[in-house]
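Undergrad: Got a structure for you, written out below as structure tokens; questions coming shortly.
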Amino acid sequence: MLAVVTVYPIVRVIALSLERRVPIFGIADFVGLANYAFLARDGAFWGAIRVTALFTVASVAAELVLGVAAAVALRAQRRGVAISLSLLLLPWCLPGVVTGRIFEWIYHPSAGLMNRLVAVVASAQPNWLGDPRLALPAVIAADVWRTTPFIALLVYARLVGVPAAVYEAAAVDGAGRGATFWRITLPLLRPVLLVALLFRTLDAVRAFDLMFILTGGGPAGVTETLTLYAYHSLFQTLQLGFGSASAVVVGALVVALAWGHLAATGERDAV
Amino acid sequence: MSSLLRVMTARRVWAVVVLAALAVAGCAERRADEVRLVFRHSRMPGERDPLPALLREFERRHPGIVVAHEPLPWTADVQHQFYVINLEGRSAGFDVLMLDVIWTAEFARAGWLLDVTDRWPAAERREHFPSMVEAATLGDRLWAVPWVMNVGLLYFRADLLGRQGFAPPTSYASLAEQAAAVMHAAGEPRLAGFLWQGKQYEGLVVNVLEAMWGEGTDLVGRDGRLLPEPARAAAALAHRRALLTHGISPPLVTAADEELTRREFGAGRGVFLRNWPYARALFEAGGSPVAGRVGVAALPGGGALGGAHLAIHAGTRHPEAAWALVRHLASPAAQRAIADAVGLHPTRPALVDDAALRAIFAGARPRPVTPWYQTLSATLQPELSAAILGLKPAGQALADAERRLAYFLRP
Amino acid sequence: MRSSGLADALVLGGVTLYATPVVWQLATSLTASGDPADVMAGLSLAHYRAVLGASPMPRALANSVGIAAAVTLLAAALAAPAAYALARLPVAGRRLLLLGIVLSTALPTVATVAPLYLIVRALGLRDTWLAVILADTSFALPLSIWLVVGFIREIPRELEEAAAVDGAGRLAALRHVLLPVLAPGLAAASLLTFLFAWNEFLLAYTFTATEASRTAPVALALFPGVFETPWGDIAAASMLASLPPILLVLALRRHLVRGLLAGSLKE
Numbered sequence: 047m048l049a050v051v052t053v054y055p056i057v058r059v060i061a062l063s064l065e066r067r068v069p070i071f072g073i074a075d076f077v078g079l080a081n082y083a084f085l086a087r088d089g090a091f092w093g094a095i096r097v098t099a100l101f102t103v104a105s106v107a108a109e110l111v112l113g114v115a116a117a118v119a120l121r122a123q124r125r126g127v128a129i130s131l132s133l134l135l136l137p138w139c140l141p142g143v144v145t146g147r148i149f150e151w152i153y154h155p156s157a158g159l160m161n162r163l164v165a166v167v168a169s170a171q172p173n174w175l176g177d178p179r180l181a182l183p184a185v186i187a188a189d190v191w192r193t194t195p196f197i198a199l200l201v202y203a204r205l206v207g208v209p210a211a212v213y214e215a216a217a218v219d220g221a222g223r224g225a226t227f228w229r230i231t232l233p234l235l236r237p238v239l240l241v242a243l244l245f246r247t248l249d250a251v252r253a254f255d256l257m258f259i260l261t262g263g264g265p266a267g268v269t270e271t272l273t274l275y276a277y278h279s280l281f282q283t284l285q286l287g288f289g290s291a292s293a294v295v296v297g298a299l300v301v302a303l304a305w306g307h308l309a310a311t312g313e314r315d316a317v
Numbered sequence: 005m006s007s008l009l010r011v012m013t014a015r016r017v018w019a020v021v022v023l024a025a026l027a028v029a030g031c032a033e034r035r036a037d038e039v040r041l042v043f044r045h046s047r048m049p050g051e052r053d054p055l056p057a058l059l060r061e062f063e064r065r066h067p068g069i070v071v072a073h074e075p076l077p078w079t080a081d082v083q084h085q086f087y088v089i090n091l092e093g094r095s096a097g098f099d100v101l102m103l104d105v106i107w108t109a110e111f112a113r114a115g116w117l118l119d120v121t122d123r124w125p126a127a128e129r130r131e132h133f134p135s136m137v138e139a140a141t142l143g144d145r146l147w148a149v150p151w152v153m154n155v156g157l158l159y160f161r162a163d164l165l166g167r168q169g170f171a172p173p174t175s176y177a178s179l180a181e182q183a184a185a186v187m188h189a190a191g192e193p194r195l196a197g198f199l200w201q202g203k204q205y206e207g208l209v210v211n212v213l214e215a216m217w218g219e220g221t222d223l224v225g226r227d228g229r230l231l232p233e234p235a236r237a238a239a240a241l242a243h244r245r246a247l248l249t250h251g252i253s254p255p256l257v258t259a260a261d262e263e264l265t266r267r268e269f270g271a272g273r274g275v276f277l278r279n280w281p282y283a284r285a286l287f288e289a290g291g292s293p294v295a296g297r298v299g300v301a302a303l304p305g306g307g308a309l310g311g312a313h314l315a316i317h318a319g320t321r322h323p324e325a326a327w328a329l330v331r332h333l334a335s336p337a338a339q340r341a342i343a344d345a346v347g348l349h350p351t352r353p354a355l356v357d358d359a360a361l362r363a364i365f366a367g368a369r370p371r372p373v374t375p376w377y378q379t380l381s382a383t384l385q386p387e388l389s390a391a392i393l394g395l396k397p398a399g400q401a402l403a404d405a406e407r408r409l410a411y412f413l414r415p
Numbered sequence: 422m423r424s425s426g427l428a429d430a431l432v433l434g435g436v437t438l439y440a441t442p443v444v445w446q447l448a449t450s451l452t453a454s455g456d457p458a459d460v461m462a463g464l465s466l467a468h469y470r471a472v473l474g475a476s477p478m479p480r481a482l483a484n485s486v487g488i489a490a491a492v493t494l495l496a497a498a499l500a501a502p503a504a505y506a507l508a509r510l511p512v513a514g515r516r517l518l519l520l521g522i523v524l525s526t527a528l529p530t531v532a533t534v535a536p537l538y539l540i541v542r543a544l545g546l547r548d549t550w551l552a553v554i555l556a557d558t559s560f561a562l563p564l565s566i567w568l569v570v571g572f573i574r575e576i577p578r579e580l581e582e583a584a585a586v587d588g589a590g591r592l593a594a595l596r597h598v599l600l601p602v603l604a605p606g607l608a609a610a611s612l613l614t615f616l617f618a619w620n621e622f623l624l625a626y627t628f629t630a631t632e633a634s635r636t637a638p639v640a641l642a643l644f645p646g647v648f649e650t651p652w653g654d655i656a657a658a659s660m661l662a663s664l665p666p667i668l669l670v671l672a673l674r675r676h677l678v679r680g681l682l683a684g685s686l687k688e
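As structure tokens, then:
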């Protein structure tokens, strides 16, 4: 039953990727691996891989750093933690489209929050989403804002489990706050951070809604991630076969990443 | 006693049943005579919608036909998706549809439109601008009737040009020169030389097409081959990029659509503007800073054709009635009514009073009339945008686009 | 030890600052002009009235509620027995199956949207709730199963065995013993499923053509603007589209945390 609902589409998309299919014109021919061969030669495809890699590395790095910082700060809070947690979770539970609209407005060249702040200190009014040098960082910033709370929550939950005695012992030994953090807290967080790394990497590679709304992959494909590339191949060029090939590549990449992580952390056996 | 009651009740029940059957039969007979057409169209801009009146008039002239009309979603992309999703099924739920001119060939190839070649007399076809008829043609057959028309126009500040003694330019090169001269003379930092649409969307393809036409070449050759003269096409594209690097067009153009450029020009901050005819009324409206100072000319090489066709769904159950509706809505009287009410231009030269405008409309050129136009445009857009932004040389952008298109469109 | 009051205030302040984008959007939705800076001049519900009265949003919100609820129920109904079977019963190839399930949770929606589109087309389900429900469920199911399997494993077998010893049949044991203990876990998985279905965009966008079946995120993405972009209305629509997820998360925060942690921490 599960197989029908989940496995069949996977099998079907692989089959589609071996065809040249344009449904509205009734074209459906078997072309073997031609679609994949073309993908391998397509500059836009490799561009999408580059963009996805950049996006993933930058986003995940920023989220981990900010998330840990936020969790540590939360840990220092005595009262009102529930409020902080609730507020912090707000960005995370919003639909991607909402976050996209919010930041589209914030990045508006004249009336947006960003440029109003910039206007206070400088005269330039950058076109955050239209400038090819700024568009990707702008999208990354929006994504980091939206997902840092998730990491903060994970890390915080782990921190809460650390008995106070550990820190007291460190203090007794004369360890400063920095040393305490680096030598005690961070190693304790390692398993959580690895898990967070996996989840966030997968999510970053899969990201779609945000960039679709903010830039649609533009300008000139500088924010076109693999998922957007696959989507455009599928529905803008009406080439369902070719689009399926790119979709299969994205899917395979993601599954490979998940598999790699499971194997590396030995959690495969825990499954 | 009760059995008598039962018989009486039974008879009453039978009477009701028989009467009901007769009534239903009567109704069904009436409904069989009555033809119900469904017409889907874009919302009319502005306040005065001429369609209800036109449809009621049609119903008066054709008793027994009732027309229900339903608007389409707002944006062109969503309309297209709506049509594709609904027309793929056997019963789309509508009979007459309004199509953007760039969809007609695609829908015809998909088998969704009724062939109207034999219903539409050649003499009547000649009443319309040839470009609109060309856009409705696929494989020597006609699939739709022209309804409203748009053409790319060159707007210019007649006062600023007059000061320099310039006549409207006849090539993009001289346009750039004139713009530079006017900008230099005016000395206003915020005055843009040439405003056009450079955002990564369909409008960019339109603008670059016009640039290619101005250069004397085309995107698709007579024989259907892509980029028959790649060098000249690349030169046209490179010229657009040069407009930006030389400051004749401001950076905002690379992310600008029709409305953004219209607003800039309408605020007095542009010398030349490329846009559709709708802007004209806005420039001449009361309170407009540029009222009375805007001239209109043909774009060098011709402006791109826009507008809409009326077509009949191939699966309609009432082809005759649908055709009658299409003829009514596309009739000269109806087109004039629509033009008066909402400013959408008619497709017949006889209905365009302004001779200069008529000449410009006659020079309209359709975008490549091919079922693959969507694919063409979607593949070109990111490449053209990359060239406009200077991320790629123009020649390479076009070559990359051509490589992808060659793969997608191979026979 | 520094005054904890100051630390509290700083953290709270920092978190509030973090929520600025949301506040900015909220302010935009509440000013008549659509300019948040005017919020000092006075609040106005004009945008909300416009959105609720004359836009596709109310219908889209209703669609979203229906679809998300259906997906949640369907996924829960299918996931619970499947998870139980995988966790407790000797199923052939169980390890492999679970591995496949875990890996398929990593798939992006764009990977299978094409065959799903063809299926929807073939079944004539275009522009219906059913299409979106089925598609969403196909993605929500693996994750739900995986989470519930984890929760079930946390419950000692002894619990069921004790119930069996007491003379209860397997089914009765499940209903009276396992289910109550599993309830919080199921709630957590259901919450995550609901959030996924509510926020899901690509599948809903691809399979819907009219307001009849459009969900809130899609309606927000396609929000009508003929010439000018109506930022104020969009802001109001954004707030409305976020309301159910926000309320659910705030109300069921503890369950949510449990769900997220269970998926991440296996200790």
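If you read the sequences in order, they're chains A, B and C. The numbering of the first sequence is our numbering, which starts it at 47 and goes up by one. The numbering of the second sequence is our numbering, which starts it at 5 and goes up by one. The numbering of the third sequence is our numbering, which starts it at 422 and goes up by one. For glycine and all other residues, C-beta sits at the position ideal for the given N, C-alpha and C.
#1: Applying the 10 Å Cβ sphere with the 16-neighbour rule, what's the burial state of Trp200/B?
#2: Taking only the alpha-carbon atoms, compute the straight-line gap between Leu120/A and Asn279/B and give it to the nearest angstrom.
#3: For chain A, find out if any of its Cβ atoms is closer than 7 Å to the Cβ of Pro666/C; answer yes or no.
#4: Would Ile342/B pass as an interface residue toward chain C - the criterion being a Cβ-Cβ separation below 7 Å?
#5: Just the Cα atoms here: how many angstroms apart are Leu76/B and Leu308/A?
#6: Below 7 Å CB to CB, which residues in the same chain sit around Ala239/B once its five sequence neighbours on both sides are set aside?
#7: Between Val82/B and chain C, is there a C-beta pair that is closer than 7 Å?
#8: Which of the residues in the segment 83-113 of chain B, read from start to end, lie with their CB under 9 Å from any CB of chain C?
#9: Residues in the same chain with beta-carbon distance under 8 Å from Val39/B, minus the five sequence neighbours each way, listed in chain order, please.
#10: What runs of the alpha helix (DSSP H), each 4 residues or longer, lie entirely inside the segment 127-170 of chain A?
#11: Measure how close the beta-carbons of Leu256/B and Ser389/B come, nearest whole angstrom, since I'm counting them as under 8 Å.
#12: Along the segment 133-147 of chain A, what residues have a CB closer than 9 Å to any CB found in chain C?
#13: Can you tell me whether Glu65/A is buried or exposed? The criterion is at least 16 other CB atoms within 10 Å of its CB, across all chains shown.
#14: Kindly say whether Thr379/B, judged by its beta-carbon, lies nearer than 7 Å to any beta-carbon of chain A.
#15: Chain B beta carbons: is any one of them nearer than 7 Å to that of Ala501/C?
#16: Taking a Cβ distance cut-off of 9 Å, strictly less, list which residues of the segment 186-214 of chain B are near chain A, in chain order.
#17: Can you tell me which residues form a DSSP beta bridge with Asn3/B?
#18: Arg34/B to Ala359/B, Cα distance in whole Å?
#19: Does any residue of chain B bring its CB to less than 7 Å from the CB of Gly176/A?
#20: Whole angstroms is fine: what's the gap from Leu466/C's alpha carbon to Ala672/C's?
#21: In angstroms, rounded to a whole number, what distance separates the CA positions of Thr271/A and Gly291/B?
#22: Which class does Gly197/B belong to by DSSP, given the choice of helix, strand or coil?
#23: Can you give the Cα-Cα distance for Asp189/A and Ala610/C, rounded to whole angstroms?
#24: Counting only beta-carbon atoms, is Ala630/C nearer than 7 Å to chain B?
#25: Take the Cβ of Gln168/B as the centre, count every other Cβ of all protein chains shown within 10 Å, and call the residue buried at 16 or more, exposed below.
#26: In this structure, what does DSSP give as the bridge partners for Met102/B?
#27: Look at the Cβ atom of Ser46/B, then the Cβ atom of Pro370/B, and state whether they are nearer than 7 Å.
#28: With DSSP collapsed to three states, give me the class of Glu74/B.
#29: Measuring alpha carbon to alpha carbon, tell me which residue in Ala215/A, Thr231/A and Tyr153/A is nearest Ala115/A.
#30: Exposed or buried, Ala250/A, counting other C-beta atoms within 10 Å across all chains shown (16 or more means buried)?
#31: Against Leu638/C, what residues of chain A qualify as contacts under a CB-to-CB distance less than 7 Å, listed in chain order?
#32: So, for Met160/A: in the same chain, excluding its five sequence neighbours on each side, which residues have a beta-carbon less than 7 Å away from its beta-carbon?
#33: Find out if the Cβ-Cβ distance for the pair Ala657/C, Val531/C is shorter than 7 Å.
#34: Look up Val149/B in the DSSP assignment and give the residues it is bridged to.
#35: Which stretch, first to last residue, makes up the beta strand (DSSP E) that contains Arg244/B?
#36: Identify whether Gly399/B lies in helix, strand or coil by the three-state DSSP scheme.
TA: In short:
#1: Within the second sequence, numbered from 1, the residue matching residue 200/B stands at position 196. By the 10 Å Cβ count, Trp200/B comes out buried.
#2: Your numbering for residue 120/A matches position 74 in the first sequence. Your numbering for residue 279/B matches position 275 in the second sequence. When rounded, the separation of the alpha-carbon atoms in Leu120/A and Asn279/B is 55 Å.
#3: On the third sequence, residue 666/C is found 245 positions in, with the first residue counted as 1. Yes, Pro666/C lies at the interface with chain A (some Cβ there is under 7 Å from its Cβ).
#4: Along the second sequence, one-based indexing puts residue 342/B at 338. It does not; no Cβ of chain C falls within 7 Å.
#5: For the purposes of this step, residue 76/B is identified with residue 72 of the second sequence, where counting begins at 1. For the purposes of this step, residue 308/A is identified with residue 262 of the first sequence, where counting begins at 1. If you take the alpha carbons of Leu76/B and Leu308/A, they lie about 49 Å apart.
#6: The count along the second sequence starts at 1 and reaches residue 239/B at position 235. Taken in chain order, the residues that qualify are Glu219.
#7: By 1-based counting over the second sequence, the position of residue 82/B is 78. By this cut-off, Val82/B is an interface position.
#8: Gln85, Phe86, Tyr87, Val88, Ile89, Asn90, Glu92, Gly93 and Arg94
#9: Walking along the second sequence from the start, residue 39/B turns up at place 35. Taken in chain order, the residues that qualify are Gly68, Ile69, Val70, His322 and Ala325.
#10: 127-139, 142-152 and 159-167
#11: Residue mapping note: residue 256/B aligns to position 252 of the second sequence, counting from 1. Residue mapping note: residue 389/B aligns to position 385 of the second sequence, counting from 1. Incorrect: roughly 14 Å between the Cβ atoms, too far for contact.
#12: Leu133, Leu134, Leu135, Leu136, Pro137, Trp138, Cys139, Leu140, Pro141, Gly142, Val143, Val144, Thr145, Gly146 and Arg147
#13: Taking the first sequence and counting its residues from 1, the one referred to as residue 65/A is at position 19. By the 10 Å Cβ count, Glu65/A comes out buried.
#14: As a first step, residue 379/B is located in the second sequence; it is residue number 375 there, counting from the start. Answer yes: the Cβ-Cβ gap between Thr379/B and chain A drops below 7 Å somewhere.
#15: Sequence index remark: in the third sequence, residue 501/C carries index 80 (1-based). No - not a single Cβ of chain B is within 7 Å of the one on Ala501/C.
#16: Lys203, Gln204 and Tyr205
#17: With chain B covering 5 to 415 only, the question about residue 3/B has no answer from this structure.
#18: The count along the second sequence starts at 1 and reaches residue 34/B at position 30. The count along the second sequence starts at 1 and reaches residue 359/B at position 355. Because the pLDDT at Arg34/B is just 45, under 50, the model does not fix this residue reliably, and the value given afterwards should be weighed accordingly. Roughly 50 Å between the two C-alpha positions.
#19: Stepping through the first sequence from its first residue, residue 176/A is reached at position 130. Taking Cβ atoms only, chain B reaches closer than 7 Å to Gly176/A, which makes this a yes.
#20: Position 45 of the third sequence, counted from the first residue, corresponds to residue 466/C. Position 251 of the third sequence, counted from the first residue, corresponds to residue 672/C. Whole-angstrom Cα-Cα distance: 26 Å.
#21: Taking the first residue of the first sequence as position 1, residue 271/A is located at position 225. Taking the first residue of the second sequence as position 1, residue 291/B is located at position 287. Approximately 46 Å between the Cα atoms of the pair.
#22: Residue mapping note: residue 197/B aligns to position 193 of the second sequence, counting from 1. Here Gly197/B sits in strand by DSSP.
#23: What you label residue 189/A is simply residue 143 of the first sequence in a count that begins at 1. What you label residue 610/C is simply residue 189 of the third sequence in a count that begins at 1. Answer to the nearest angstrom: the Cα atoms are 24 Å apart.
#24: For the purposes of this step, residue 630/C is taken as residue 209 along the third sequence, with counting starting at 1. Yes, Ala630/C lies at the interface with chain B (some Cβ there is under 7 Å from its Cβ).
#25: Counting from 1 along the second sequence, the entry for residue 168/B is found at position 164. With fewer than 16 other Cβ atoms from the protein chains shown falling within 10 Å of its own Cβ, Gln168/B counts as exposed.
#26: Working through the second sequence from its first residue, we reach residue 102/B at position 98. Answer is Leu314/B.
#27: Taking the first residue of the second sequence as 1, we reach residue 46/B at position 42. Taking the first residue of the second sequence as 1, we reach residue 370/B at position 366. No, the Cβ-Cβ distance between Ser46/B and Pro370/B is not below 7 Å.
#28: Within the second sequence, numbered from 1, the residue matching residue 74/B stands at position 70. For Glu74/B, the three-state secondary structure derived from DSSP is strand.
#29: Working through the first sequence from its first residue, we reach residue 115/A at position 69. Check the Cα spacing between Ala115/A and each of Ala215/A, Thr231/A and Tyr153/A: the tightest is with Thr231/A.
#30: Along the first sequence, one-based indexing puts residue 250/A at 204. The residue is buried, with at least 16 neighbouring Cβ atoms inside 10 Å.
#31: As a first step, residue 638/C is located in the third sequence; it is residue number 217 there, counting from the start. Correcting the residue identity first, residue 638/C is Pro in this sequence and not Leu. Residues of chain A passing the Cβ test: Pro141 and Val143.
#32: As a working note, residue 160/A is residue 114 in the first sequence. Ile152, Tyr153 and Trp174, listed in sequence order.
#33: Within the third sequence, the letter at position 236 stands for residue 657/C. Within the third sequence, the letter at position 110 stands for residue 531/C. Against a cut-off of 7 Å, the Cβ pair of Val531/C and Ala657/C comes out as no contact.
#34: Residue numbering aside, residue 149/B sits at position 145 when the second sequence is read from its first letter. In the DSSP output, where bridge partners are listed per residue, Val149/B has Leu314/B.
#35: Here residue 244/B corresponds to residue number 240 of the second sequence, with the count starting at 1. Taken as a continuous stretch (DSSP letters only), Arg244/B belongs to no beta strand (DSSP E), being part of the alpha helix (DSSP H) at Pro234 to Thr249.
#36: For this step, residue 399/B is matched to residue 395 along the second sequence. Three-state DSSP puts Gly399/B in a helix.
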